[in-house]
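Protein chains: 2
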Amino acid sequence: MNVGVDLGGTKIYTVAIDSRGEIVGEAKAKTPVKGGPMAVVDAICSTVGALARPPELSAVGVGAPGAVDFSTGEVRRAPNLPGWMEPFPLGPVLSEALDGTPVWVDNDVNVGTLAEHRLGAAAGQPDVLGLFVGTGVGGALLLDGRIRRGPTGFAGEIGHMVVSPGGRRCGCGGRGHLEAYAGRAGMERRARQMADRGTDTALVEVARAKRMTSSVFARALAAKDSVASMLVDRAVETLGLAIASAAVILDVPLVVVGGGLADRLGATFVERIGTAALAQMPSGQGEALTLVPGDLKDRGGALGAALLCELEGAAPLAEPHVAVMARSRR
Amino acid sequence: MNVGVDLGGTKIYTVAIDSRGEIVGEAKAKTPVKGGPMAVVDAICSTVGALARPPELSAVGVGAPGAVDFSTGEVRRAPNLPGWMEPFPLGPVLSEALDGTPVWVDNDVNVGTLAEHRLGAAAGQPDVLGLFVGTGVGGALLLDGRIRRGPTGFAGEIGHMVVSPGGRRCGCGGRGHLEAYAGRAGMERRARQMADRGTDTALVEVARAKRMTSSVFARALAAKDSVASMLVDRAVETLGLAIASAAVILDVPLVVVGGGLADRLGATFVERIGTAALAQMPSGQGEALTLVPGDLKDRGGALGAALLCELEGAAPLAEPHVAVMARSRR
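Below is the structure:
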């Protein structure tokens, strides 16, 4: 049985799937806030163990938030995982902890897009841009039916395409990147800035000192809050711009839009982005582009992680001595 | 013997290559200005025939300016070829005219990039963005060692990425596309506009009623003409922007810059574009990006076309009855 793990900043969601990709079991845990990567490994093991153990457990896939070296299973950078300060060989260490069960690790947006390609809104389409609009803006490329990771593993990072030259500062240090305009965190920063400068907005009133969640944006938008409208308009416009440029250079006819903010704002949001993208494309080419909301919502990451095991056909990563060496380095 | 044809708007340049990719013969002809596609076929045949004939002639590759369906050999759109008003099955018709010799046809930027990958500045690199700055701005993608054409055949069209939202009108009808800022034709339009509005510039004085060639730009730049400097600065900046966004989403570490204008402006131009690109990328990622001038200059297109024959391994395109049907449709 294959098991897929969606390793998120706040929770771990794990599913077991059958040969048709149907979920036959699920388990959840909070992502440990203390203990760093080894505590995360233990938490993943407990969710996996609740579903299957070797020899019934044949393989485990993990989708991790951050920069992953798929070929070695190393998570090189994961700013959203507590205490994950330096590269960690999650694949080998997890495999050892699971008695040598083969483990694959990939970026969470890659596995989410893989799931939409196999089981969701992009089923049967070999060329897909996966776009995940949540706290940040993530992207993944499926070209000719295969995830493109690229030599550095960063392929698909649409969130760092430039949409406003010299514009807002992005979390990565760059300027005018898509994520600064269309990610929930960037929108929240901007809303709080505007409130600090005296602009009234329901966004700050509803969220107060808490995180300005996707629901807060949805409610403020429904109440016709002008700051929320302006921020979402700008997100739509910049998402359209980046998608147009990406679609032109990649020649991908289908974009699947998922992620917390997009799921919450719904099909209208996705339609508006599609209209914005089309307006920027060469005449005759935009018509070939379709945007669809993701089908799989919260389950996509874990499903896609489980699919990694069967689709990628790479040799299992774990070599026990590698795992031991890696652990002893900590 | 394999023969490669660079079909340009003004001339046809044809080479025969040996198994090491060395040029062992070349032939030239003017691109016929009358007679449309069939006259072009005749002209290509005469250059090919001057180098080899069946059975010594084993295959022919053609690089054509415009939208090409590689799988069928059809040139769907070629605005720079005289009288080429509608789609034309160049591959099948040329194959028939060459007594059934297998023919492959691809976009000229694709074959130019292929040549740089096999014999030039990108030798040995599996992931390459080819950028050709000439009358327009063309691009091609080599991913994992293979040309990506995409489902519509437009993959790599970096010239139509948006670099200035809502900005200058592009030849394709869109706004703010790279080609409007960095293509020679777009720069010429802008220079003449400025001159019409009263700004003095050596560009218009040197070019007069003739085309503002790459040499005109190079001379005006050397003479520190302020309009030429401004236009080239803007070209550098927008090329950097588009390359940064393309490199981020594709994860390509190498960009080969060729084309008439880039060849004429030389290594400094390419270096400046590299600096501009780096400034737009996420910290830690720009350092992985290298820009190099193309090695093969004017010979790249024909060489790459000849390489098509051996690299692509597709079945020969020509089926005599297809060619006949296509011809009778005209």
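Protein sequence lines, in the order shown, are assigned to chains A and B. Going by this note's numbering, the residue at position 40 of the first sequence is 43; the numbering climbs one at a time, nothing skipped. Going by this note's numbering, the residue at position 228 of the second sequence is 231; the numbering climbs one at a time, nothing skipped. We treat Cβ as the ideally placed atom computed from N, Cα and C, and that holds for glycine.
Distance between beta carbons of residue j and residue i, contact taken as under 8 Å
i	j	result
B:G142	B:V112	6 Å
A:V8	A:T17	5 Å
B:L132	B:L253	7 Å
B:G179	B:G170	3 Å
A:L10	A:V65	6 Å
B:L257	B:A118	Wrong, their Cβ atoms sit about 15 Å apart, outside the cutoff.
A:A158	A:T104	Wrong, their Cβ atoms sit about 28 Å apart, outside the cutoff.
B:S217	B:L224	The Cβ separation is near 10 Å, so there is no contact.
B:G139	B:A188	6 Å
B:M334	B:L294	Since the first residue of chain B shown is 4 and the last is 333, residue 334 of chain B is not available in this structure.
Amino acids of chain D, ordered along the chain, whose beta-carbon sits closer than 8 Å to that of residue i
i	result
B:S286	Among the protein chains of the structure shown, namely A and B, there is no chain D.
DSSP state of residue i mapped onto helix, strand, coil
i	result
A:P40	helix
B:E99	helix
B:D45	helix
A:L320	Caution is warranted here: a pLDDT of 40 is assigned to A:L320, below 50, making its placement in the model unreliable, and the coordinate value is therefore given only provisionally. Of the three classes helix, strand and coil, the one that applies to A:L320 here is coil, per DSSP.
B:S22	coil
B:T204	coil
A:E77	strand
B:R330	Confidence at B:R330 is low in this model, with a pLDDT of 31, below 50, so its placement is unreliable and the value that follows should be read with caution. In the structure shown, B:R330 sits in a helix (DSSP, three-state: H, G or I).
B:R214	coil
A:T50	helix
B:G141	strand
B:D301	helix
A:R149	strand
A:V209	helix
A:R192	helix
B:F157	coil
B:V255	coil
B:V219	helix
A:V325	Only weak support exists for where A:V325 lies, its pLDDT of 32 falling under 50; the value from the coordinates is given anyway. Helix, per DSSP.
A:A226	coil
B:G262	coil
B:L311	helix
A:V166	coil
A:R178	strand
B:G289	helix
B:A55	coil
B:R171	coil
A:L234	helix
B:A279	helix
A:L294	strand
Chain B residues whose Cβ lies nearer than 7 Å to that of residue i
i	result
A:M164	S248, V251, I252
A:I161	I252
A:A291	T155
Cross-chain neighbours of residue i in chain B, by beta carbon under 8 Å
i	result
A:A158	I252, L253, D254
A:L84	Correct list: empty, because the minimum Cβ distance to chain B is about 18 Å.
A:G142	I252
Interface residues of chain A facing residue i [CB-CB closer than 8 Å]
i	result
B:D111	Within 8 Å Cβ-Cβ: nothing; B:D111 doesn't reach chain A, min ~17 Å.
B:D130	G153, P154
Beta bridge counterpart(s) of residue i as assigned by DSSP
i	result
B:T17	B:V8, B:A30
A:A67	A:N110
B:T241	Answer by DSSP bridge pairing: none, since B:T241 is not bridged.
B:L132	B:L144, B:V258
B:D72	B:E77
B:L185	Reading off the sequence shown, one finds Ala at residue 185 of chain B, where the question assumed Leu. B:A185 pairs with nothing; no bridge assigned.
B:A198	The partner list for B:A198 (beta bridge, DSSP) is empty, contrary to what the question assumes.
Proximal residues of chain A, C-beta to C-beta of residue i below 9 Å
i	result
B:R151	L146, D147, L253, D254
Under 7 Å from the C-beta of residue i: neighbouring residues of chain A
i	result
B:P168	L244
B:E283	According to the sequence provided, residue 283 of chain B is Gln. The question's Glu does not apply to it. Within 7 Å Cβ-Cβ: V165, G177.
Contact test: residue i Cβ vs the ligand COA heavy atom, cutoff 7 Å
i	result
B:G153	The ligand COA is absent from the structure shown, which contains no ligand whatsoever.
Just list the alpha helix (DSSP H) runs in the stretch 98 to 127 of chain B, keeping only unbroken ones of 4 residues or longer that don't cross its boundaries, in chain order.
As far as the stretch 98 to 127 of chain B is concerned, its whole alpha helix (DSSP H) runs of at least 4 residues are 111 to 122.
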